[in-house]
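Participant:
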Amino acid sequence: MILIECPFCGPRDETEYHYGGEAHVAYPEDPNQLSDREWAEYLFYRSNPKGLFAERWVHSGGCRKWFNAVRDTVTYEIKAVYRAGEPRPDFASLTSASAIQEGAAK
Amino acid sequence: MAEQVMTDISHLRRSPLAHLEDILRESAVAGERGVAVREIPFLTQVGLRAEPGSAAAAALEAAAGVPLPTRVGETTGAADDTAVLWIGPDEYLLIAPEGSDVAARLTAALDAEPGAVVDLSANRTTLELTGPSARAVLQKGCPADLHPRVFGPGTAVATTLGLVPVLVWRTADQGAGQTYRILPRASFADYTARWLVDAMTEFAAPEVP
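As given, the protein sequences belong to chains Z and H, one line each in that order. Counting along the first sequence from 1, when you hit position 65 you're at 65 in full-length UniProt numbering, and nothing is skipped either side. Counting along the second sequence from 1, when you hit position 206 you're at 206 in full-length UniProt numbering, and nothing is skipped either side.
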């Protein structure tokens with residue numbers, strides 16, 4: 001069982017959470033100006049990196065708030081959590097052990 | 001126009017666990033591994049939404065006579081009178097005795113400020129679990145950390161029990177062991193009560209070393 005740190009509730013079991021896909025996918029400025037291909041890419045195309053990945057989670061079994069997490073897709077380790085609307089932490093700073101603690105303390 | 005008949009229909013009211021009253025009572029285990037469960041029906045529950053520190057929050061606090069909790073797990077007020085539980089960073093649940101008119105007073109106090117006051121009294125029912133084995137029973141199916149080190153009297157969290165989303169609220173101890181209130185939604189109450197009765201069964205037998 002994985003403990004995921006909710007920015008509002010602290011560490012809870014992963015069974016209290018639901019996954020929300022890639023984070024920081026911005027809504028197009030003017031969707032009417034997009035070609036079908038660009039619109040399809042906004043809707044359906046997501047990156048699938050091996051390594052650190054910023055993604056959305058919702059604490060559906062607790063405070064019901066959405067937040068973002070940086071997860072290592074190789075080890076499943078959650079490197080940092082941060083509230084919706086906050087900027088994505090620098091991935092390079094998350095590779096050291098101290099950065100993990102810092103992200104968890106937020 | 002048809003004449004409206006205003007009749008007192010409170011005697012028609014049924015709590016979500018009225019049909020399990022006997023089963024809950026008979027499930028009680030006495031002794032040093034004891035544990036018991038009962039329903040506390042019809043408590044007044046009011047859902048509150050307001051940004052902490054806003055004028056809306058101040059108005060709600062003044063009308064409730066109880067400050068809003070500020071962080072996860074915290075409750076304010078008293079369990080046998082008016083208490084407020086922290087649900088989310090801008091969401092709270094006020095719990096008051098049966099028949100309280102607090103929802104109307106809070107609605108009037110909030111006025112046009114941004115926020116919400118909703119009477120949720122029929123949304124959840126309340127189970128009270130007491131006895132020396134109460135924590136052991138809950139821990140069979142609740143992933144939250146219930147150790148007294150972090151979950152003292154007056155702590156409440158939204159979590160899950162079995163498969164059901166519930167609020168778990170530790171109130172003041174009554175005799176030996178801990179006292180927890182478990183608040184499942186009404187449609188999950190039957191499952192939660194039967195789950196608790198099943199989890200309590202083993203404590204009637206001597207402990208297996």
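All C-beta atoms, glycine included, are put in the ideal place defined by N, C-alpha and C.
1) Between the stretch 80-95 of chain H and the stretch 22-30 of chain H, are three or more C-beta pairs nearer than 8 Å?
2) Tell me which same chain residues have a C-beta within less than 6 Å of the C-beta of H:Thr44, skipping the five on either side of it?
3) What in chain Z is Cβ-close to H:Val72, meaning under 9 Å?
4) Take Z:Ile4 as the anchor and find which of Z:Tyr82, Z:Asp36 and Z:Ala23 has the nearest alpha-carbon.
5) Start and end of the beta strand (DSSP E) containing Z:Phe53?
6) Name the residues in the stretch 16-37 of chain Z whose C-beta lies less than 8 Å from a C-beta of chain H; which are they?
7) Measure from the C-beta of H:Pro206 to each C-beta in chain Z and report whether the shortest distance is under 7 Å.
8) Exposed or buried, which one is H:Gly77 when buried takes at least 16 other CB atoms within 10 Å?
9) Less than 7 Å between CB atoms is the rule here; does H:Asp88 satisfy it with respect to chain Z?
10) For H:Pro165, decide whether its Cβ has a neighbour in chain Z, counting only Cβ atoms nearer than 7 Å.
11) Please look up how many angstroms separate the CB atoms of H:Ala172 and H:Ala79, rounded, as I've assumed it's under 8 Å.
12) When you compare only the Cα positions, how much space is there between H:Pro69 and H:Pro206?
13) Return yes when the Cβ of H:Met200 is within less than 7 Å of the Cβ of H:Val150, no when it is not.
14) Just confirm the distance between the C-beta atoms of residue 236 of chain H and H:Leu110, as a whole number of angstroms; I'd bet it's less than 8 Å.
15) Quick check for students: name the residue ranges of the beta strand (DSSP E) that lie wholly in the stretch 49-120 of chain H, counting only runs of 3 or more.
16) What are the start and end residues of the alpha helix (DSSP H) that includes H:Thr192?
17) Just mark H:Pro52 as buried or exposed, buried being the case when its beta carbon has 16 or more other beta carbons within 10 Å.
Facilitator: With the structure as the only source:
1) no
2) Ala96, Ser100 and Ser121
3) Cys6, Phe8, Cys9, Gly10, Gly62 and Cys63
4) Z:Tyr82
5) Leu52 to Val58
6) Glu16
7) no
8) buried
9) One detail in the question is off: residue 88 of chain H reads as Gly in this sequence, not Asp. Yes, because at least one Cβ of chain Z sits closer than 7 Å to the Cβ of H:Gly88.
10) yes
11) 7 Å
12) 41 Å
13) no
14) Nothing about residue 236 of chain H can be reported from this structure: the residues present for chain H run from 1 to 209 only.
15) 73-77, 83-88, 91-96 and 116-119
16) Ala186 to Met200
17) exposed
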